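Residue numbers (the numbering used here): -1 to 123. Right, one structure below, let's go through it.
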C-alpha cells in the first residue's frame, strides 16, 4: 500500500493538477483554434485568392490518384500555428503585465508594525 499512497500524494500535488488542467485546456483551445482556421479564416483567404481551397492543394508525384505531397494542409497547419502562437503570446504578455503591476504595488506593513508605530506616536504626545 506504500507505493499506491506515494503515487496518490504525487498525483494530488498542486503542480501536477495544475499541469493536468493546463494540458486539458490546451487541447480544447487547440481544437477551437483549428475550427477557427478551417471554418472561418481559410474560406475567406480562399475567396480572396481566387477560390482556391488550400486544403486541396497538392503536388502529384506520379499518376493521378497516386502519391501526392499535400502542401495545402501544411499551409493550413502553419497558419493555425501562427495564430495560436500569437494568441498565447498576447495572453502571456497580459499575465506578465498583471503580475508586474501586482509586484509593484506597495505592500502594507505588518499589523504589529502599524500597532507599534501608533503606540510610539501616542507616547510622543
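C-beta atoms are modelled at their ideal positions from N, C-alpha and C, and glycine is treated no differently. Fair warning: this is a prediction, and the values are worked out from it, not measured in the lab.
### Task
For residue 110, count neighbouring Cβ atoms within 10 angstroms of its own Cβ and tell me buried if that reaches 16, exposed if not.
exposed
### Task
Could you tell me how far apart the beta carbons of residue 74 and residue 38 are, in whole angstroms, since I believe they sit closer than 8 Å?
The Cβ separation is near 12 Å, so there is no contact.
### Task
For residue 78, count neighbouring Cβ atoms within 10 angstroms of its own Cβ and tell me buried if that reaches 16, exposed if not.
buried
### Task
Starting from the N-terminal side, write out each stretch of the alpha helix (DSSP H) that is 4 residues or longer and does not extend beyond the stretch 34 to 70.
40 to 46
### Query
Are residue 80 and residue 28 closer than 9 Å when you measure CB to CB?
no
### Task
Would you please state the rounded distance, in angstroms, between the beta carbons of residue 59 and residue 65? I believe it to be under 8 Å.
5 Å
#### Entry: For residue 24 and residue 4, the rounded distance between their alpha carbons
28 Å
### Query
Would you report the Cα separation of residue 62 and residue 9, rounded to the nearest angstrom?
53 Å
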